[in-house]
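Trainee: Residue numbers (the working numbering), protein chains in the order written: chain A, 1 to 211; chain B, 212 to 375; chain C, 376 to 520.
Note that beta-carbon positions come from the ideal geometry of N, C-alpha and C, so glycine has one too.
All figures in this text were calculated on a predicted structure; none of them were measured in a lab.
(1) Touching or not, the segment 476-486 of chain C and the segment 423-432 of chain C, by the rule of three or more beta carbon pairs under 8 Å?
(2) Determine the direct distance from the alpha carbon of residue 168 of chain A to that of residue 510 of chain C, and round the result to whole angstroms.
(3) In chain C, what lies closer than 9 Å to residue 306 of chain B by C-beta?
(4) Within the segment 443-513 of chain C, note down every full alpha helix (DSSP H) run reaching 4 residues or more, in order along the chain.
(5) For residue 295 of chain B, decide whether its Cβ has a neighbour in chain F, counting only Cβ atoms nearer than 7 Å.
(6) Skipping 5 residues on each side, what residues in its chain have a beta carbon closer than 8 Å to that of residue 215 of chain B?
(7) Straight-line CA distance for residue 394 of chain C to residue 416 of chain C?
(8) Is it true that the CB of residue 218 of chain B sits closer than 7 Å to the CB of residue 112 of chain A?
(9) So, for residue 27 of chain A: in the same chain, excluding its five sequence neighbours on each side, which residues have a beta-carbon less than 8 Å away from its beta-carbon?
(10) Checking contacts by CB at 7 Å: is residue 125 of chain A closer than that to chain B?
(11) Take residue 384 of chain C as the anchor and find which of C/409, C/420, C/431 has the nearest alpha-carbon.
(12) Could you confirm whether any beta carbon from chain B is found closer than 7 Å to the beta carbon of residue 395 of chain C?
(13) Tell me where the alpha helix (DSSP H) around residue 381 of chain C begins and ends.
(14) Three or more C-beta pairs under 8 Å: does that hold for the segment 40-51 of chain A against the segment 83-103 of chain A?
(15) DSSP on residue 114 of chain A, reduced to helix/strand/coil?
(16) Between the beta-carbon of residue 298 of chain B and the beta-carbon of residue 55 of chain A, is there less than 7 Å?
(17) Roughly how many whole angstroms lie between the Cα atoms of residue 92 of chain A and residue 392 of chain C?
(18) Flag residue 299 of chain B as yes if its beta-carbon sits less than 7 Å from any beta-carbon of chain C, otherwise no.
(19) When the distance is taken between beta carbons, is residue 80 of chain A closer than 7 Å to residue 323 of chain B?
(20) Is the beta carbon of residue 165 of chain A sitting closer than 7 Å to the one on residue 309 of chain B?
(21) Taking the alpha helix (DSSP H) that residue 434 of chain C belongs to, which residues open and close that run?
(22) Should residue 171 of chain A and residue 513 of chain C be called a contact, given that it needs their Cβ atoms to be closer than 7 Å?
(23) Using the C-alpha atoms, what's the distance from residue 410 of chain C back to residue 419 of chain C?
(24) Nearest-angstrom Cα distance between residue 367 of chain C and residue 260 of chain B?
(25) Does any CB atom of chain C fall closer than 7 Å to the CB of residue 340 of chain B?
(26) Is it buried or exposed, residue 435 of chain C, if we count other Cβ atoms within 10 angstroms and call 16 or more buried?
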């Protein structure tokens with residue numbers, strides 16, 4: 001953990017996050033998002049969270065990007081965000097309030113790396129000192145995952161399987177829906193064109209970016 | 212001042228990332244950008260948790276024969292486990308969100324939140340609106356106006372007028 | 376999903392890389408006791424090895440390598456394996472998921488917990504692999520589910 005490197009990584013994360021929300025081309029946004037997750041995984045490795053870094057690099061930077069790209073290729077890569085000043089102002093007020101509250105709350109948090117922090121003196125000391133004797137497993141995260149807290153893992157596995165099945169149910173096509181949906185989508189695309197024609201320069205600009 | 216910053220800079224950066232993610236979820240009109248904001252927010256939460264597990268001079272929680280089983284020599288493994296599973300569940304959430312997006316695009320042909328909300332709240336069966344063109348544009352305005360009463364997230368009633 | 380990628384370099388490299396990613400994923404699952412890794416990370420790597428050909432190779436070839444029913448089947452099998460391991464100690468009079476209750480002559484209790492962790496990691500790996508592949512397949516519209 002080198003402070004200068006840490007700060008550099010955080011600055012890169014801020015830049016990629018802000019740019020990912022700003023660019024008009026959605027594929028560019030997803031590429032930036034994958035970079036954001038990859039840099040986050042470097043940060044995890046830097047604070048000795050090897051398992052988390054590995055999973056974040058594989059899932060956050062890999063599979064997340066793949067799923068986004070699959071969805072975008074199926075739909076459109078053009079972002080259609082139109083500016084709505086009143087809503088933006090309201091959002092900014094909300095976020096400022098959130099930031100203020102969180103800064104206020106964070107004053108009670110322990111300093112970075114404090115060995116006396118409550119989290120460091122709790123139950124995990126038992127896990128670390130007992131893992132090798134109890135389970136012959138040097139990697140404490142694995143013995144926690146599959147032995148000490150395996151009910152937690154059982155629940156999480158059930159959750160991701162349920163999420164996959166839910167995605168399948170959401171996208172399931174019933175034959176009788178097809179005709180209606182196709183007609184609807186066609187009408188929608190035509191509408192979109194009509195709106196774009198009068199919808200100001202923003203939408204037209206975004207449209208021209210598409211190759 | 213420098214000391215305080217060195218002890219606390221992680222919280223500052225994590226809060227900034229949380230705010231960026233929140234802005235993406237609340238302030239962006241594009242539904243894909245909302246999901247991107249959600250991913251940014253989630254990752255910031257992971258960083259917050261993992262930084263809490265850090266212990267000065269601690270090494271990775273894999274028992275090293277030279278260091279023995281002394282808990283003070285290792286970082287806290289419990290947050291690692293929680294975040295490990297949270298990342299996997301996050302991808303499950305993302306899969307459901309993306310499939311909803313694909314479904315929405317199939318039905319409405321756009322990712323613009325205001326348009327989708329107007330269609331859902333406005334005229335029934337908006338896709339049977341007839342040929343596009345002037346008629347289509349007028350009825351789009353009509354449905355957007357009709358949605359203002361019961362769509363609180365559509366913040367500005369005079370929205371279509373300001374765009375045109 | 377998008378058919379064969381136009382560039383031959385991409386097709387050949389991804390076809391060559393895919394089995395090694397698979398091998399690395401299996402290694403990660405098996406090596407979770409001694410280093411970083413385990414079921415979640417390994418399952419994701421195995422899923423990546425299946426998804427990579429789907430994105431770059433010819434559709435027919437990619438789905439012959441790993442048919443679309445693989446996702447839901449693996450997800451279900453992994454989950455059932457996990458539940459079966461969890462209920463074995465219950466059947467022998469112990470607590471749910473308490474592998475140390477299972478007694479095998481000549482094997483220490485800690486060793487049985489070690490083996491229990493291995494089986495759970497494999498089950499989690501299969502389930503995560505199935506779930507990720509299923510999500511990808513339904514998004515690209517190629518799933519039977």
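Mentor: The answer reads as follows:
(1) no
(2) 7 Å
(3) 506, 507, 509, 510, 511, 513, 514
(4) 445-466
(5) No chain F is present in this structure, whose protein chains are A, B and C.
(6) none
(7) 17 Å
(8) yes
(9) 69, 72, 77
(10) yes
(11) C/431
(12) no
(13) Careful: residue 381 of chain C lies outside any alpha helix (DSSP H) and carries neither H nor E.
(14) no
(15) coil
(16) yes
(17) 46 Å
(18) yes
(19) yes
(20) no
(21) 434-440
(22) yes
(23) 17 Å
(24) Summary: the structure shown does not reach residue 367 of chain C, with chain C confined to residues 376 through 520, and so no result is reported for it.
(25) Because residue 340 of chain B sits at a pLDDT of 47, beneath the cut-off of 50, its placement in the model cannot be relied upon, and the following sentence gives the value as read from the coordinates. No, because no Cβ of chain C sits closer than 7 Å to the Cβ of residue 340 of chain B.
(26) exposed
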